[in-house]
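Below is one structure; the comments refer to it alone.
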């Protein structure tokens with residue numbers, strides 16, 4: 001049981017769209033990711049996802065709209081809802097995610113950005 005410095009953890013990696021696990025709470029994991037540009041349309045059939053924007057502005061695309069999530073705000077994507085995180089104007093955005101350990105990075109979609117292992121930092 002130690003405090004986790006999120007800013008320090010973000011300094012330990014540079015790759016975009018490569019999540020890193022910083023903690024586990026029961027069957028949930030806390031993940032940090034740096035994102036830039038557009039991701040992949042996908043959904044998670046059995047898991048919700050919580051995104052907290054630590055730095056920058058996230059544009060969470062849904063099929064019928066885009067939600068703007070500003071620094072210090074969160075958005076919860078319910079299970080089964082197709083979504084596609086995006087940033088604009090070349091901005092690198094830092095996000096904290098809270099999701100079940102069973103959550104696949106891109107759901108059932110296989111893509112070159114899909115990660116199957118989240119390094120622990």
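Numbering (the UniProt record's numbering), first residue to last: 1 to 121. Here a beta-carbon is modelled for each residue, glycine too, at the ideal position from N, C-alpha and C. Predicted model, so just to flag it, every value in this text is computed and none were measured.
Check whether residue i and residue j have beta carbons under 9 Å apart
i	j	result
residue 73	residue 93	no
residue 51	residue 77	yes
Contact set for residue i: own chain, Cβ-Cβ below 7 Å, skip 5 residues either direction
i	result
residue 47	79, 99, 100, 102, 103
Nonlocal neighbours in the same chain, by C-beta distance under 6 Å from residue i, ignoring five residues either side
i	result
residue 29	21, 101
residue 26	none
Residue closest to residue i, alpha-carbon to alpha-carbon, out of the options
i	options	result
residue 10	50, 112, 55	55
residue 45	112, 39, 82	82
residue 6	105, 67, 97	97
residue 71	13, 34, 95	95
residue 13	2, 31, 110, 62	31
residue 86	1, 37, 17, 16	37
residue 119	58, 19, 4, 67	19
Three-way DSSP call (helix, strand, coil) for residue i in this model
i	result
residue 5	coil
residue 13	coil
residue 34	strand
request  = Note down, one range per segment and in chain order, each beta strand (DSSP E) of at least 3 residues found wholly within the UniProt domain "Cupin type-2" (37-96).
outcome  = Listed in chain order, they are 49-55, 57-62, 65-70, 74-77, 83-86.
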